[in-house]
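Protein chains in written order, with UniProt numbering: chain A, 1 to 495; chain B, 1 to 495. For each residue, glycine too, the CB sits at the ideal point set by N, CA and C.
There are 2 protein chains.
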Amino acid sequence: MLAFSRLRSTITSSPSDKVLTLPKINQAVVNCEYAVRGALAIRAEELREELASKRTAHPFAKVTSCNIGNPQQLGQTPITFFRQVAALTEYPALLDAPGVADIFAPDAVERARALLQAVGGSVGAYTHSQGIPLIRQNVAKFIEERDGYPSDPDDIFLTAGASPGVQLILQTLIAHEKVGIMIPVPQYPLYTASIALFRGNAVPYFLNEEDTWGLDVNELIRSVKDARANGLDVRALCVINPGNPTGACLNVDNMRKIVELCHSEKLVLLADEVYQTNTYLPSVPFTSFKKVLRSMGPEFSSLELVSFHSISKGMVGECGRRGGYFECVGVSDEVKEMLYKVASISLCPPAQGQVLVDLMVRPPVKGDASYARYKEEIDGIYESLKRRAARLAAAFNALPGVSCQPAQGSMYLFPSVTLPQKAVETAKAQGMAPDALYCMELLNETGVCVVPGSGFHQKKGTWHFRSTFLPPEKEMESFVARIKGFHEGFLKRYA
Amino acid sequence: MLAFSRLRSTITSSPSDKVLTLPKINQAVVNCEYAVRGALAIRAEELREELASKRTAHPFAKVTSCNIGNPQQLGQTPITFFRQVAALTEYPALLDAPGVADIFAPDAVERARALLQAVGGSVGAYTHSQGIPLIRQNVAKFIEERDGYPSDPDDIFLTAGASPGVQLILQTLIAHEKVGIMIPVPQYPLYTASIALFRGNAVPYFLNEEDTWGLDVNELIRSVKDARANGLDVRALCVINPGNPTGACLNVDNMRKIVELCHSEKLVLLADEVYQTNTYLPSVPFTSFKKVLRSMGPEFSSLELVSFHSISKGMVGECGRRGGYFECVGVSDEVKEMLYKVASISLCPPAQGQVLVDLMVRPPVKGDASYARYKEEIDGIYESLKRRAARLAAAFNALPGVSCQPAQGSMYLFPSVTLPQKAVETAKAQGMAPDALYCMELLNETGVCVVPGSGFHQKKGTWHFRSTFLPPEKEMESFVARIKGFHEGFLKRYA
Numbered sequence: 001m002l003a004f005s006r007l008r009s010t011i012t013s014s015p016s017d018k019v020l021t022l023p024k025i026n027q028a029v030v031n032c033e034y035a036v037r038g039a040l041a042i043r044a045e046e047l048r049e050e051l052a053s054k055r056t057a058h059p060f061a062k063v064t065s066c067n068i069g070n071p072q073q074l075g076q077t078p079i080t081f082f083r084q085v086a087a088l089t090e091y092p093a094l095l096d097a098p099g100v101a102d103i104f105a106p107d108a109v110e111r112a113r114a115l116l117q118a119v120g121g122s123v124g125a126y127t128h129s130q131g132i133p134l135i136r137q138n139v140a141k142f143i144e145e146r147d148g149y150p151s152d153p154d155d156i157f158l159t160a161g162a163s164p165g166v167q168l169i170l171q172t173l174i175a176h177e178k179v180g181i182m183i184p185v186p187q188y189p190l191y192t193a194s195i196a197l198f199r200g201n202a203v204p205y206f207l208n209e210e211d212t213w214g215l216d217v218n219e220l221i222r223s224v225k226d227a228r229a230n231g232l233d234v235r236a237l238c239v240i241n242p243g244n245p246t247g248a249c250l251n252v253d254n255m256r257k258i259v260e261l262c263h264s265e266k267l268v269l270l271a272d273e274v275y276q277t278n279t280y281l282p283s284v285p286f287t288s289f290k291k292v293l294r295s296m297g298p299e300f301s302s303l304e305l306v307s308f309h310s311i312s313k314g315m316v317g318e319c320g321r322r323g324g325y326f327e328c329v330g331v332s333d334e335v336k337e338m339l340y341k342v343a344s345i346s347l348c349p350p351a352q353g354q355v356l357v358d359l360m361v362r363p364p365v366k367g368d369a370s371y372a373r374y375k376e377e378i379d380g381i382y383e384s385l386k387r388r389a390a391r392l393a394a395a396f397n398a399l400p401g402v403s404c405q406p407a408q409g410s411m412y413l414f415p416s417v418t419l420p421q422k423a424v425e426t427a428k429a430q431g432m433a434p435d436a437l438y439c440m441e442l443l444n445e446t447g448v449c450v451v452p453g454s455g456f457h458q459k460k461g462t463w464h465f466r467s468t469f470l471p472p473e474k475e476m477e478s479f480v481a482r483i484k485g486f487h488e489g490f491l492k493r494y495a
Numbered sequence: 001m002l003a004f005s006r007l008r009s010t011i012t013s014s015p016s017d018k019v020l021t022l023p024k025i026n027q028a029v030v031n032c033e034y035a036v037r038g039a040l041a042i043r044a045e046e047l048r049e050e051l052a053s054k055r056t057a058h059p060f061a062k063v064t065s066c067n068i069g070n071p072q073q074l075g076q077t078p079i080t081f082f083r084q085v086a087a088l089t090e091y092p093a094l095l096d097a098p099g100v101a102d103i104f105a106p107d108a109v110e111r112a113r114a115l116l117q118a119v120g121g122s123v124g125a126y127t128h129s130q131g132i133p134l135i136r137q138n139v140a141k142f143i144e145e146r147d148g149y150p151s152d153p154d155d156i157f158l159t160a161g162a163s164p165g166v167q168l169i170l171q172t173l174i175a176h177e178k179v180g181i182m183i184p185v186p187q188y189p190l191y192t193a194s195i196a197l198f199r200g201n202a203v204p205y206f207l208n209e210e211d212t213w214g215l216d217v218n219e220l221i222r223s224v225k226d227a228r229a230n231g232l233d234v235r236a237l238c239v240i241n242p243g244n245p246t247g248a249c250l251n252v253d254n255m256r257k258i259v260e261l262c263h264s265e266k267l268v269l270l271a272d273e274v275y276q277t278n279t280y281l282p283s284v285p286f287t288s289f290k291k292v293l294r295s296m297g298p299e300f301s302s303l304e305l306v307s308f309h310s311i312s313k314g315m316v317g318e319c320g321r322r323g324g325y326f327e328c329v330g331v332s333d334e335v336k337e338m339l340y341k342v343a344s345i346s347l348c349p350p351a352q353g354q355v356l357v358d359l360m361v362r363p364p365v366k367g368d369a370s371y372a373r374y375k376e377e378i379d380g381i382y383e384s385l386k387r388r389a390a391r392l393a394a395a396f397n398a399l400p401g402v403s404c405q406p407a408q409g410s411m412y413l414f415p416s417v418t419l420p421q422k423a424v425e426t427a428k429a430q431g432m433a434p435d436a437l438y439c440m441e442l443l444n445e446t447g448v449c450v451v452p453g454s455g456f457h458q459k460k461g462t463w464h465f466r467s468t469f470l471p472p473e474k475e476m477e478s479f480v481a482r483i484k485g486f487h488e489g490f491l492k493r494y495a
């Protein structure tokens, strides 16, 4: 497949008797950009195929995809309890098979039976479009226990991962072409891509790299005022906490100020909280925006908040199943009906994604047969992520011209790279962003796939890349060495 | 939850300090309608909860959902081979567990190993956004064997069921507010709902009920000419074959004329072929539009065709997993790149949905360990569907004032009902469509949930409902008796 960047120049070659040509189709489709799976990811697929077919020689044995938080692709082992329940719901004959007790834990058998009953006997049936009622009840209980405030299952929408939930809310908010949605810079490209698809306007607010990518409320105020002065109907503020791509975690005092701002400026608060269990510093634990909002009393009770969660992140990492949920807080019944209606057009989220939402929010607890194993697996993944985050940040900081903030949370590092002038000029001559040139050469030389900072947006004149810290620990030193070797060669080449 | 019909009147009650209110949000979201899961389905959920909690007495013991083609909800047993492979991919430890050979067929074990390798070891990882390459290759082989013409895996997009695929193509086609998409009347409401969401225009062409819901090409010509005369930019023709809700199957001669029309009028042909194995009359077997198009020679090779298929229908009926694919024929590489880019924003279709696409297109064949059981299960479901279609059509035709075309294909009957004048007036006084009144009373009296014809659109002055013929055979006679009793009472009540 062609890289997107090469496509633009071929527009004129469209045969004119076709309907589906770039000039004729929806220009929002043509113009939106999604860097995480863009030119770099496509080139990575090509390299992977070339390595498999041995058609072309490369100076590396495999492609390491650090462009996307996809833990199981890089060897993270699924949680045993989760997969036991999934297998039993897929093939219920196992529940009564001889020897089942030797293979499956009794609490997995019990949970599978309960879930099968909740789906009416088969995970192959369409479920309720908003999600299986029992699982929504369990999500609400989980939120209540996490925050200490009530949660209503009718406010919970199960989704096929966080992304379709975010898209549903953005589609609903963007009523006309002047609607503005505030997003952090750097941001996760889902936001700019979806806002472009629905023909709204991304209103950037800049995170402060020097302050560990902190969020300054004065910058939010500047952003909303500027956008409104430019005629935009600013309706919502997206906050990603813990941050993607930055890894930054917000403290409660900061979050209260954000809630106050949303209240005074009448903004819907969209809280992307999918990395809520990926926090690595005891000084900045995760607190949900729902909890902060509720703690601020009735004055703020009319605020509209939508919080997103996912089974793809955390120590769960079950990306391929597509599961997640959002909770609506302060959203009117009539608008929830509209969300339900649009969700129903796609019939239902995948049943196995829903099953895993249940397992994520209701894992084995002390006294359960699977508890010890579950805890060991979760703790093992968590401690390893924490070590890898620190190791990779240190490695980046040891490279000349590279500066990397520590990962307080999430699965990413977003180092800043000072690129030689000659590299900047070469990139411009090729019609590429300089950091895209850097990342493409890194990929072609080492097989390491990361995403250029330009795909996430960044302050003018700065260059970054986003890398997950997901390569397995046993490969970390060679991974670091590959990047180091490339970086030094790059600096020499463009000196 | 409130029924949608009751919502409209509450618009004025929106608190003005909210952003998410019906007057302020995207009006395309407010205005789109999706009857299959509309007021009737919501009421059915309420009744189901009331029966379960025993809060309210009802003159029936359970709700029978015939509003949606959801076979496993009504007790259809999943195909054993499919579920064995799914369970093994979920919990690969089973592959090496003691006694596995007593539980799983050897070809299921082999297939699971191959699929696990194709996904890189875990169904919990994001896959390629266009779908797992191996599975796309297998889909292409399946299409080649079905049609006798080449198919390219790069033209195949795996999807989360047919619906998201249809939505992706409609979103791409609808470049501005004058774009028209031709759809049959009656239609499957996915089309009107999605066209409304993307702010395009549904251009109806009427199927001929008296001619077994046949598709007359002269009516297509009338439709496209009228719409263009009214200033619409008509870009695509949707054909649902076998028909939903009509059950009609197209013959090859008819299909050739449709291809000729699309070619001369420069229309993209959208072929909804999800019921391709649900055909019950040997005189009208399924033929794909791809095969018809290819058989017509190079003159038509520039035609753009997108064909949709799904794991939710056929004898597979795996709705809850969300799997399917579309094949692009004659679509330019640059537009396929755009489809890939938009698909990538949602990351990937559910891995278990993709696994089942593989199983659907590559089932056990003669000589495989699972073949005999697979064939017995598939044939059993098929023969039963055929008997139920005939039984229910006969039952409908025996009701006074009801006329029902036979189901040549799909899973639905769409009988026409002559409603008494008093019922029509009562419905109008309540702000309901008369067939919606009929269906709501049927649901409240018998627990049988069907969809009013008004949800699918229909010729003015005619009334219909759509019912699946999926209730199990052992319940069919009591199901028919409940409908008969209600119908006779309804006629008396409104005489």
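Given residue i as reference, the closest of the options once Cα atoms are compared
i                : options                                : result
Val357 (chain B) : B:Leu437, B:Gly317, B:Glu209           : B:Gly317
Asp216 (chain A) : A:Leu197, A:Gly231, A:Ser194, A:Ala248 : A:Ala248
Thr56 (chain B)  : B:Glu46, B:Ser65, B:Thr64              : B:Glu46
Leu95 (chain A)  : A:Ala112, A:Gly231, A:Lys225           : A:Ala112
Pro150 (chain B) : B:Asn254, B:Val329, B:His457           : B:Val329
Lys459 (chain B) : B:Gln84, B:Pro133, B:Leu197, B:Phe206  : B:Phe206
Glu210 (chain B) : B:Phe465, B:Gly489, B:Pro415           : B:Pro415
Ala398 (chain A) : A:Phe60, A:Gln84, A:Val480             : A:Val480
Leu115 (chain A) : A:Ala351, A:His309, A:Ala390           : A:Ala351
Glu33 (chain B)  : A:Ser346, A:Glu473, A:Thr80, A:Met296  : A:Ser346
Proximity below 7 Å, CB of residue i to CB of residue j
i                : j                : result
Val268 (chain A) : Val19 (chain B)  : yes
Val284 (chain A) : Gln408 (chain A) : yes
Leu158 (chain A) : Pro349 (chain A) : yes
Phe486 (chain B) : Leu442 (chain B) : yes
Phe469 (chain A) : Arg362 (chain A) : no
Gly131 (chain B) : Gln354 (chain B) : yes
Ile181 (chain A) : Ala236 (chain A) : yes
Asp155 (chain B) : Glu327 (chain B) : yes
Spatial neighbours of residue i in its chain, beta-carbon cut-off 6 Å, leaving aside the 5 residues before and after
i                : result
Leu281 (chain A) : Gln408
Asp233 (chain A) : Lys178, Val179
Glu265 (chain A) : Val224
Ser467 (chain A) : Cys66, Leu413, Val450
Own chain residues within Cβ distance below 8 Å of residue i, not counting five before or after
i                : result
Arg146 (chain B) : Ser288, Lys291
Asn31 (chain B)  : Ala196
Other residues of its chain near residue i: CB distance less than 7 Å, five sequence neighbours each side excluded
i                     : result
residue 499 (chain A) : Examination of residue 499 (chain A) is not possible in this model, given that chain A is present from 1 through 495 alone.
Go through the region 49 to 123 of chain B residue by residue and report every complete run of the alpha helix (DSSP H) that reaches 4 residues or more, in order. 80 to 90, 100 to 103, 106 to 118
Check whether the region 47 to 56 of chain A and the region 428 to 439 of chain A are in contact - that is, three or more C-beta pairs closer than 8 Å. no
Which residue spans inside the region 335 to 376 of chain A form an unbroken alpha helix (DSSP H) run of at least 4? 351 to 361
Segment contact flag, the region 119 to 128 of chain B with the region 123 to 130 of chain A, C-beta cutoff 8 Å, min 3 pairs: no
If we count Cβ pairs, one from each stretch, closer than 8 Å, do we get three or more for the region 328 to 342 of chain B versus the region 165 to 184 of chain A? no
Segment contact, 8 Å Cβ cut-off, at least three pairs: the region 61 to 72 of chain B with the region 305 to 324 of chain B: yes
Every unbroken beta strand (DSSP E) inside the region 367 to 441 of chain A [3 residues or more]: none
I want to know whether the region 363 to 376 of chain A touches the region 98 to 113 of chain B - three or more CB-CB distances under 8 Å. no
Would you mind listing the beta strand (DSSP E) stretches within the region 292 to 319 of chain B that are 3+ residues and don't spill past its ends, in chain order? 305 to 310
Just to confirm the assignment: which complete beta strand (DSSP E) runs, minimum length 3, are found wholly within the region 204 to 283 of chain A? 233 to 240, 268 to 272
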